[in-house]
Amino acid sequence: NVDLGPDQQICEGTSVVLNAGHPGADYAWSTGEDSQMIEVYQSGVYTVTVSNGIQCPGMDLIQVEVLPVIQISLTGDTEVCDNEPADLMISTNTPFTLTMEITADPGGSFTFTDVNGDFVFTDWPFQNTTYTIASVSAAQEACIDITDAEQIIEVYPTYMQNVDVDLCAGDSIWLGYGWESSAGIYENTLNTIHGCDSVVTTHITVLPAVMISNQLTTCDPGQVGE
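Heads up: the sequence shown runs through residues 1 to 226, numbered per our numbering.
In structure tokens form, the structure reads like this:
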């Protein structure tokens, strides 16, 4: 009895050792080798004939299939401002299509079909979010090598602030770009330390200046004046 076991699949770049058993016997492999065990790297059907000079020779065959290695990584933005989209990219060297599920924490999940090459998708995270490759299936049998399964995006806040200012006629206020003395609504866009736009809306009301005078009469010349 010669038994090489069931057919095997290996990943590209790896090998499998085939063992014909029966130590000390004579071996004739289809590769031309004559040892009990051989190491193979390529797809094909391998046969071996084993004899010991006493019993009838035995033969078995095995099919080895080398599967391509598909490399996948998840990259993209690492920082965005609140209320701005984030772009993420699935990079792969697949020669055929993939179906993938990406999860967002916090958030839901994304399922993409027919992924081939570089695939870009957009999300609108509202806080720091971790995106993870949850599952991958290929249109053909392959070895999946996920080189970078996770992408973390930090979300920085933007600010909307309203300020009410009362000015006396003739006064002014500095709004970050210049002095303003007229009544009205002024929007000033400023950048945070992370480069996110923040809007300060200033409502200026100009109050009338009131002039008050008082007239008195005195007999003392020293008290005369304004």
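Just so you know, even glycine gets a beta-carbon here, dropped at the ideal spot from N, CA and C.
All of these numbers come straight from a predicted model, not from anything done at the bench.
In or out: residue i buried (at least 16 other Cβ within 10 Å) or exposed?
i: MET100; result: buried
i: GLN140; result: exposed
i: VAL17; result: exposed
i: PRO125; result: buried
i: THR78; result: exposed
i: TRP29; result: buried
i: LEU88; result: buried
i: ALA142; result: buried
Rounding to the nearest angstrom, what Cα-Cα distance links residue i and residue j in this structure?
i: VAL200; j: ILE185; result: 10 angstroms
i: LEU98; j: LEU74; result: 14 angstroms
i: SER193; j: TYR159; result: The amino acid at residue 193 is misidentified as Ser; the sequence shows Ile. Each residue's alpha carbon lies about 12 angstroms from the other.
i: PHE119; j: VAL64; result: 33 angstroms
i: PHE96; j: ALA138; result: 7 angstroms
i: PHE10; j: LEU4; result: Reading off the sequence shown, one finds Ile at residue 10, where the question assumed Phe. Their Cα atoms are separated by approximately 15 angstroms.
i: TYR41; j: GLU12; result: 8 angstroms
i: VAL45; j: ASN19; result: 14 angstroms
i: GLY176; j: GLN161; result: 14 angstroms
i: PRO68; j: SER135; result: 18 angstroms
i: THR202; j: ASP114; result: 51 angstroms
i: TRP179; j: ALA169; result: 14 angstroms
i: ASP60; j: ASP148; result: 42 angstroms
i: ASP7; j: ILE62; result: 5 angstroms
i: LEU207; j: LEU190; result: 28 angstroms
Would you mind working out which of the options sits nearest residue i, comparing C-alpha positions?
i: ASN188; options: ALA134, TRP174, SER182; result: TRP174
i: MET37; options: ALA25, GLY44, SER43; result: ALA25
i: ASN83; options: SER135, ILE102, ILE72, PRO157; result: PRO157
i: ILE152; options: ASP166, TRP179, GLN71, ILE133; result: ILE133
i: ILE204; options: GLN55, ASP171, GLY195; result: ASP171
i: THR122; options: VAL165, VAL2, SER198, ALA86; result: ALA86
i: SER198; options: VAL165, SER213, CYS81; result: CYS81
i: CYS56; options: GLY21, SER43, ASN1; result: ASN1
i: GLU154; options: ILE90, TYR27, CYS196; result: CYS196
i: ASP34; options: GLY222, VAL45, GLY21; result: GLY21
i: VAL165; options: THR217, ALA183, VAL50, GLN215; result: ALA183
i: SER213; options: ILE62, PRO221, GLY225; result: GLY225
i: ASN229; options: GLY76, ILE102, GLN71, PHE112; result: An answer regarding residue 229 cannot be provided, because it is not within the stretch 1 to 226 covered by the chain.
At a cut-off of 8 angstroms, would you count residue i as near the ligand MG, judging by its Cβ distance to the nearest heavy atom?
i: ASP82; result: What this structure holds is no ligand at all, so the ligand MG is not there to describe.
- Query: Would the stretch 101-109 and the stretch 121-136 be scored as touching if the rule is three or more Cβ pairs under 8 angstroms?
  - Reply: The stretch 101-109 is in contact with the stretch 121-136.
- Task: Please specify which runs of the beta strand (DSSP E), each continuous and at least 3 residues long, are wholly inside the stretch 86-174, giving them in chain order.
- Result: Runs of the beta strand (DSSP E) spanning 3 or more residues and lying entirely within the stretch 86-174 occur at 86-92, 98-105, 109-115, 119-123, 129-138, 143-148, 150-156, 160-168, in chain order.
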